[in-house]
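The next block holds one structure in the form of structure tokens; read it before the comments.
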Ligand code: NAP
Ligand code: GDD
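Numbering (my numbering), first residue to last: 363 to 689.
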């Protein structure tokens, strides 16, 4: 049985990846931080075969102890402070976790190592946010980075240090440059889930309006369940490398609203959406659109869920979750 260690197991991607790897007969170990993390129970309810272990990306000794204890074949580093807006008000913490956390996890892998015949393989969750003020469209593995947020800057550090450990120490370290991916498990702070959750509440008469910031920005939105397969495929290759993972389509937040409200049976979303400058960012990423042809040809990976299917899946899930609530 292969052994996988996942940081960020309580997040959207960690929950999908743990189920995916269990389905491939892995023993999955998930890193949980904090004294009594309420999301740990959620993970165990969804996947009782996961073994939870304590650790924090801010604490190198905890990560070394974890790699020694678990002796993983594969490490998936998904843990991060991942909310771009919050990174503007907590830049120091973001750099600590999202940036230096990668270095610490790499150091733990380098120091503990695994056997010569079976070195630990490492996956880094890089991000399309690194392209920021994009130099070309679509963006591919060769497109220069121009991050627009402390989160993006921290991710560039995480990406570059992963490449450096691969080149300097020969680690089997790969980096997935993933474009936005969403699901019913997406955090409520992100714009897609904020919209589908609020819309479900509007439909049930529990909310009147949605307050949003810039709705002209465009993102390449895919389904998280599809994207975790690409992470695993990267670690099955003989050689480590970097891959863009994306759908190749881009849609504005306005278009997301169009589809979501149509699915919910409304002709027009404008009466329900108000602008609130508190959700604007000091610097914005206007447009992201990925070229995943390398992942298609080298990994055989392709997304399965379309934009419309994704929006519908999220709205329908939020509607049934809201209906199940008594208040
Ligand atoms: P998410 O839902 O926000 O999950 C983040 C995870 O990181 C949570 O499990 C959180 O655990 C953990 N974490 C936070 N601080 C930590 C610390 N100090 N030590 C250990 N773990 C910590 O994010 P996601 O959407 O699943 O994304 C997974 C990864 O992919 C992240 O690195 C994100 O930046 C990156 N990414 C995401 C996307 C996307 O569109 N979703 C695109 C590109 C890249 P707690 O329960 O303790 O908070
Ligand atoms: N969150 C949020 N809330 N975003 C809003 C809102 C709002 O009320 N109104 C407009 N937006 C706009 C943001 O300004 C941004 O242009 C877009 O909606 C998407 O915002 P998010 O859903 O917060 O995602 P993100 O693109 O900033 O970051 C996500 O994707 C990155 C990959 O490109 C996160 O998952 C990052 O962790 C990830 O790396």
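Glycine included, each C-beta is placed from N, C-alpha and C at the ideal position.
Cα-Cα separation, residue i to residue j
i           : j           : result
residue 432 : residue 653 : 36 Å
residue 418 : residue 633 : 44 Å
residue 380 : residue 387 : 11 Å
residue 568 : residue 373 : 27 Å
residue 628 : residue 421 : 49 Å
residue 605 : residue 611 : 17 Å
residue 685 : residue 406 : 24 Å
residue 555 : residue 548 : 6 Å
residue 442 : residue 538 : 14 Å
residue 524 : residue 444 : 18 Å
residue 621 : residue 542 : 17 Å
residue 520 : residue 688 : 43 Å
residue 458 : residue 552 : 22 Å
residue 680 : residue 673 : 11 Å
residue 527 : residue 659 : 25 Å
residue 378 : residue 544 : 11 Å
residue 398 : residue 416 : 10 Å
residue 594 : residue 489 : 16 Å
residue 529 : residue 626 : 50 Å
residue 677 : residue 562 : 7 Å
residue 522 : residue 454 : 19 Å
residue 487 : residue 540 : 7 Å
residue 598 : residue 396 : 32 Å
residue 638 : residue 481 : 50 Å
residue 389 : residue 546 : 25 Å
residue 644 : residue 557 : 22 Å
Any non-hydrogen atom of the ligand FAD closer than 6 Å to residue i Cβ
i           : result
residue 426 : Of the ligands this structure carries, namely the ligand NAP and the ligand GDD, none is the ligand FAD.
Sequence-distant residues of the same chain with beta carbon closer than 8 Å to residue i, five excluded per side
i           : result
residue 579 : 614, 615, 646, 647, 648, 649
residue 498 : 505
residue 630 : 623
Neighbourhood of residue i by C-beta distance below 7 Å, restricted to the same chain and skipping five residues each side
i           : result
residue 376 : 368, 370, 392, 440
residue 588 : 665, 666, 667
Residue i: CB within 6 Å of a non-hydrogen atom of the ligand NAP
i           : result
residue 401 : yes
residue 508 : no
residue 521 : no
residue 554 : no
residue 459 : yes
residue 487 : yes
residue 505 : no
residue 442 : yes
residue 558 : no
residue 373 : yes
residue 584 : no
residue 514 : no
residue 420 : yes
residue 612 : no
residue 395 : yes
residue 679 : no
residue 370 : yes
residue 658 : no
residue 549 : yes
Test item: CB-CB of residue i and residue j under 7 Å
i           : j           : result
residue 484 : residue 471 : yes
residue 534 : residue 434 : no
residue 656 : residue 503 : yes
residue 366 : residue 436 : yes
residue 461 : residue 402 : no
residue 305 : residue 566 : With the chain running from 363 to 689 in the structure shown, residue 305 is simply not present.
residue 494 : residue 509 : yes
residue 384 : residue 411 : yes
residue 617 : residue 576 : no
residue 564 : residue 635 : no
residue 394 : residue 425 : no
residue 500 : residue 651 : yes
residue 596 : residue 536 : yes
residue 607 : residue 586 : no
residue 518 : residue 492 : yes
Proximity test, residue i beta-carbon vs the ligand GDD heavy atom, cut-off 6 Å
i           : result
residue 575 : yes
residue 640 : no
residue 446 : yes
residue 615 : yes
residue 449 : no
residue 436 : no
residue 490 : yes
residue 502 : no
residue 377 : no
residue 624 : no
6 Å CB neighbourhood of residue i in its chain, flanking five on each side removed
i           : result
residue 382 : 590
residue 456 : 443, 449, 512, 513, 516
residue 446 : 511, 513
residue 609 : 582, 584, 665
CB contact below 7 Å: residue i versus chain B
i           : result
residue 641 : The structure shown contains no chain B; it holds only a single protein chain.
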